[in-house]
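Student: Protein chains in written order, with the numbering used here: chain A, 1 to 502; chain B, 1 to 500. What follows is a single structure, and I will ask about it in a moment.
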């Protein structure tokens with residue numbers, strides 16, 4: 001345990017929460033907005049601090065910045081334990097980056113009842129930072145729910161078309177998923193006989209006394225479907241495109257970009273290392289669902305989308321298929337690829353949602369059939385969108401490439417046939433991605449759009465709009481050209497031998 | 001019986017240990033006397049006096065709280081003085097204070113008498129305190145009847161409303177039936193435990209200790225089993241567990257809102273503490289019978305409560321049925337408590353979380369109800385968040401906590417009960433509980449949706465006028481909401497007291 005009074009993880013969680021509280025207590029609007037900048041920037045800076053110092057600080061049980069605070073449930077093995085290991089660190093940084101970008105976007109959004117909106121977003125950010133910084137599984141789940149509840153409210157109140165229906169559907173699906181995974185987590189805790197509900201204690205006790213493979217398989221199934229619903233595993237994915245289509249931009253960025261990774265993170269950090277024998281019987285089912293469901297079926301559905309946000313929503317469901325494929329392999333290589341892909345996808349999907357709103361502000365429509373030729377008026381927006389699309393497809397130079405590439409290598413050992421289909425999925429994703437960019441930005445403007453744009457020609461991205469996009473795109477390129485910046489820490493965990501090597 | 005025996009009995013009477021009950025009784029009598037003595041125009045102040053008196057008792061109770069000491073039997077085994085009992089006193093006092101405060105709001109719109117409402121609530125509260133401390137079936141029955149008779153009056157308090165009268169009649173019939181069942185069960189246990197042909201027979205077969213010893217010596221006695229099932233049925237009526245829940249929606253709808261609150265929280269809480277005590281002490285040798293019976297009951301209660309609540313639009317019926325489902329979750333905790341000590345603390349925590357959340361919701365309901373107290377629809381809540389952000393926020397916290405959403409206390413309660421149930425190996429029940437939680441999200445969400453997502457408030461003519469929130473109500477409701485949040489984040493001393 002570190003005794004340093006400067007605890008970046010706790011600050012990253014507490015700062016947005018404190019700002020949200022201050023706004024909730026009736027701060028005037030001007031000050032609320034100023035303070036909100038601080039609330040969004042602090043986790044960002046803390047995330048950078050954690051990333052910069054990660055390799056240098058001493059690790060306790062494999063976790064850096066480990067601290068513990070009693071909250072009154074110590075008797076049942078629950079304390080607020082914060083720390084990041086090599087897998088949590090990249091996601092913690094991702095949450096800080098996307099949170100900052102989403103916050104900037106929200107502050108500039110001019111939403112109705114802006115104070116409440118910012119407050120909810122700050123609570124959500126606090127939950128996100130906490131999720132990936134928690135070592136204790138109670139708080140891991142707790143912070144996830146803390147981030148999830150504001151999502152429902154934001155979709156229901158500030159959302160677009162079908163917002164109430166979308167909010168309701170998301171709530172029910174995600175509650176079901178969360179409850180199943182909670183049951184799985186409790187099952188591990190109780191069955192292991194550990195005295196503490198944290199990853200370190202569980203890892204140690206289960207390494208010494210593994211559970212019977214039958215009960216491992218049962219618990220793994222609970223976690224797989226619980227987390228699977230949360231990550232939109234086919235066929236339990238229908239909440240995702242609907243919800244993202246309706247969600248306000250910043251919410252969609254944070255949910256699709258970061259919060260959804262909770263499920264994958266749980267599978268990687270908890271299910272695979274703690275229940276190694278339980279993962280084996282589920283591997284083929286998971287891989288099949290991921291490739292034929294998420295990648296092929298949802299990929300084809302994505303092709304048919306006309307609405308930009310729906311398309312991004314479906315494409316994010318599709319890309320989760322690659323992540324599931326990596327988990328299905330269950331090997332250290334596959335897991336490493338998934339972590340890279342999680343970071344890359346989080347950045348790229350958040351960027352796409354951000355840009356889609358910028359497009360909407362200029363065209364007042366999200367229907368791609370009614371757009372065209374926007375690149376002439378907004379070349380920088382076009383450049384950003386095209387770059388984001390390239391990243392999302394997985395072209396080299398962007399972070400996504402490393403994630404997908406590693407997963408394919410791992411999957412090739414697992415099953416040749418599935419890998420072929422998965423790689424073919426890339427073609428699908430190139431078709432819909434490039435076609436969307438072409439339809440929105442190039443070609444001739446549609447009659448309706450030309451008429452609307454004639455009165456008030458759309459402008460290009462202003463600097464305040466560029467800043468969040470630049471942060472996300474910059475991070476994508478940074479990791480794309482220098483993957484060691486995060487893969488080194490991931491490798492530190494993978495080399496401890498808690499994942500299979502073949 | 002010679003003098004020394006009487007002296008021994010008198011020496012066992014530890015009057016000091018039940019001072020809160022005595023003070024409540026005296027306060028109730030004082031209110032009645034004041035009503036006679038004071039001129040009519042100053043009667044309006046009497047309820048405030050009742051509230052002040054209870055707050056004073058609560059403060060003294062808090063100051064003199066002595067936790068951790070060993071349990072001891074007082075009044076020659078009629079009562080058991082324990083930490084749990086002291087904590088439940090706080091539970092019931094908070095309930096009765098709340099009911100009195102809410103009574104001020106609700107009674108202001110009615111013509112019913114003001115003072116005796118408070119008197120009865122105080123009496124009921126004192127009886128509830130005795131009920132959870134009883135260590136003897138006689139004590140249990142007498143205090144239970146005091147509670148029930150008080151509720152007969154309270155439920156039908158608005159005598160001019162036909163729905164209220166219907167509720168009163170239903171509660172009377174059902175209450176009498178359940179008391180009959182309970183009494184029959186007690187009589188069977190008393191009879192069989194006094195049978196000199198059986199091993200371990202005892203003359204004191206109504207006291208928990210000797211009765212438990214007898215049951216342990218005869219773990220498969222036929223008559224005792226019937227007696228136990230009847231006792232459980234009698235209690236199941238009080239807590240509204242399936243299949244004895246039929247009275248709940250009608251009675252909850254017809255009863256005045258403060259009474260509904262008291263019925264839903266205090267009466268149910270007492271029922272669970274009694275059940276917990278019985279399951280862990282007297283009925284422990286009959287776990288082979290009690291555990292499957294209560295498990296089945298819990299599963300059916302969770303499913304029934306949640307499914308029936310799905311289609312409700314009247315919020316009083318809705319909260320009643322949601323209360324049925326909570327009874328199911330609590331029953332799961334009680335079942336787990338038969339084998340897992342952790343579950344006892346979990347049930348207590350759940351009860352407190354349920355109290356905070358339910359009272360927050362009931363408080364909002366009382367302020368939104370019109371002259372017709374029985375007719376409160378979810379559509380009346382449209383635009384609440386915009387018109388009155390305070391009530392909107394309290395409602396959201398209350399419903400969120402009932403739904404078991406972090407960071408609210410209800411989540412920690414559910415979590416602890418789930419962990420306890422897992423330790424006890426109740427996998428089937430857990431599966432049902434998970435399904436129940438997911439279903440419950442739908443109707444809680446529907447209610448929040450009405451308050452938050454509905455675009456605009458219906459025109460004032462279409463819904464009852466909302467009562468402005470007074471200071472006492474504001475303090476209490478704000479306190480409940482805040483406590484729900486704090487207890488969800490930091491359990492601190494309570495967590496330590498529950499001592500897992």
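Glycine is no exception: its CB is placed at the ideal position from the N, C-alpha and C atoms. All values reported here derive from a predicted model rather than from experimental measurement.
Count the other CB atoms within 10 Å of the CB of residue 6 of chain A; is the residue buried (16 or more) or exposed (fewer)?
Tutor: exposed
Student: Ignoring anything shorter than 4 residues, give me the alpha helix (DSSP H) runs that lie fully in the region 234–270 of chain B, in order along the chain.
Tutor: 248–254, 257–262
Student: By the criterion of Cβ-Cβ separation under 9 Å, what are the contact partners of residue 193 of chain A in chain B?
Tutor: Ordered by position in chain B, no residue passes the 9 Å Cβ test against residue 193 of chain A, which lies about 10 Å from the chain.
Student: Give the residues of chain A in contact with residue 416 of chain B, contact being defined as C-beta atoms less than 9 Å apart.
Tutor: 73, 76
Student: Go through the region 223–270 of chain A residue by residue and report every complete run of the alpha helix (DSSP H) that reaches 4 residues or more, in order.
Tutor: 239–246, 249–254, 261–266
Student: Using a beta-carbon distance cut-off of less than 7 Å, what residues from the region 435–454 of chain B approach chain A?
Tutor: 437, 438, 441, 442, 445, 449, 452, 453
Student: Check each residue of the region 132–160 of chain A: if its Cβ is closer than 9 Å to any Cβ of chain B, include it; give the result in chain order.
Tutor: 138, 141, 142, 143, 144, 145, 146, 148, 149, 152, 153, 156, 157
Student: Would the region 415–424 of chain B and the region 320–337 of chain B be scored as touching if the rule is three or more Cβ pairs under 8 Å?
Tutor: yes
Student: Going by other Cβ atoms of all chains shown within 10 Å of its Cβ, with 16 needed for buried, is residue 452 of chain B buried or exposed?
Tutor: buried
Student: On the DSSP bridge assignment, give the partners of residue 80 of chain A in chain order.
Tutor: A:69
Student: Are the region 489–501 of chain A and the region 272–290 of chain A touching by the rule of at least three beta carbon pairs closer than 8 Å?
Tutor: yes
Student: Taking only the alpha-carbon atoms, compute the straight-line gap between residue 28 of chain A and residue 35 of chain A and give it to the nearest angstrom.
Tutor: 10 Å
Student: Got a sec? Which residues, its chain only, sit under 6 Å from residue 386 of chain A by beta carbon, not counting five neighbours each side?
Tutor: Counting only Cβ-Cβ distances below 6 Å, and skipping sequence neighbours, we find 437.
Student: Does the region 93–113 of chain A come into contact with the region 346–359 of chain A, if we say contact requires no fewer than three beta-carbon pairs (one atom in each stretch) closer than 8 Å?
Tutor: yes
Student: Shortest alpha-carbon distance to residue 416 of chain B belongs to which of A:55, A:57, A:77?
Tutor: A:77
Student: Which first and last residues belong to the alpha helix (DSSP H) in which residue 506 of chain B is found?
Tutor: In the structure displayed, chain B extends from 1 to 500; residue 506 of chain B sits before or after that span and is not available.
Student: To the nearest angstrom, report how far apart residue 182 of chain A and residue 418 of chain B are at their CA atoms.
Tutor: Taking C-alpha positions only, residue 182 of chain A is separated from residue 418 of chain B by approximately 9 Å.
Student: Should residue 502 of chain B go down as buried or exposed, given a rule of 16 or more other Cβ atoms within 10 Å for buried?
Tutor: Residue 502 of chain B lies beyond the range of chain B shown here (1 to 500); nothing can be said about it.
Student: Could you tell me the alpha carbon to alpha carbon distance between residue 475 of chain B and residue 310 of chain A, rounded to whole angstroms?
Tutor: It is roughly 46 Å from the alpha-carbon of residue 475 of chain B to the alpha-carbon of residue 310 of chain A.
Student: On the three-state DSSP scale, how would you describe residue 506 of chain A?
Tutor: Not covered by the structure: residue 506 of chain A. The range shown for chain A is 1 to 502.
Student: Mind checking who residue 74 of chain B pairs with in its DSSP beta bridge?
Tutor: B:79
Student: Unbroken alpha helix (DSSP H) runs of length 4 or more, entirely within the region 136–197 of chain B: which are they?
Tutor: Every alpha helix (DSSP H) stretch that sits fully inside the region 136–197 of chain B and reaches 4 residues is listed by chain position as 137–155, 162–193.
Student: From residue 244 of chain B to residue 46 of chain B, what distance separates their C-alpha atoms?
Tutor: 38 Å
Student: Can you find a C-beta in chain A that's less than 7 Å from the C-beta of residue 428 of chain B?
Tutor: no
Student: Assess, as a yes-or-no matter, whether the region 368–388 of chain B is touched by the region 429–436 of chain B under the definition of 3 or more beta carbon pairs within less than 8 Å.
Tutor: The region 429–436 of chain B is not in contact with the region 368–388 of chain B.
Student: Check residue 173 of chain A in the structure and name its three-state DSSP category.
Tutor: The answer is helix: DSSP assigns residue 173 of chain A an H, G or I state.
Student: What would DSSP say about residue 14 of chain B, mapped onto helix, strand or coil?
Tutor: coil
Student: So, for residue 254 of chain B: in the same chain, excluding its five sequence neighbours on each side, which residues have a beta-carbon less than 6 Å away from its beta-carbon?
Tutor: Excluding residues up to 5 positions away in sequence, 163, 164, 166, 167, 374 lie with their Cβ nearer than 6 Å to the Cβ of residue 254 of chain B in the same chain.
Student: Between the region 166–190 of chain A and chain B, which residues of the former have CB atoms less than 8 Å from a CB of the latter, in chain order?
Tutor: 167, 168, 171, 172, 175, 176, 179, 180, 182, 183, 186, 187, 189, 190
Student: Helix, strand or coil: which one does DSSP assign to residue 64 of chain A?
Tutor: strand
Student: Alpha carbon to alpha carbon, what distance is there between residue 116 of chain B and residue 50 of chain B?
Tutor: In this structure, the CA atom of residue 50 of chain B is about 11 Å from the CA atom of residue 116 of chain B.
Student: Taking 6 Å as the line, does the beta carbon of residue 141 of chain A fall inside it for any heavy atom of the ligand FAD?
Tutor: Although the ligand FAD was asked about, the structure shown includes no ligands whatsoever.
Student: List, in chain order, every chain B residue whose beta-carbon is nearer than 7 Å to that of residue 164 of chain A.
Tutor: 449, 453
Student: Using a beta-carbon distance below 7 Å, is residue 312 of chain B in contact with chain A?
Tutor: no
Student: If you reduce the DSSP assignment to three classes, tell me which class residue 487 of chain A lands in.
Tutor: Secondary structure of residue 487 of chain A (DSSP, three-state): helix.
Student: Take every Cβ of the region 300–309 of chain A, pair it with every Cβ of the region 206–215 of chain A, and state whether three or more of those distances are shorter than 8 Å.
Tutor: Note that the region 300–309 of chain A does not touch the region 206–215 of chain A; fewer than 3 beta-carbon pairs, one per stretch, sit closer than 8 Å.
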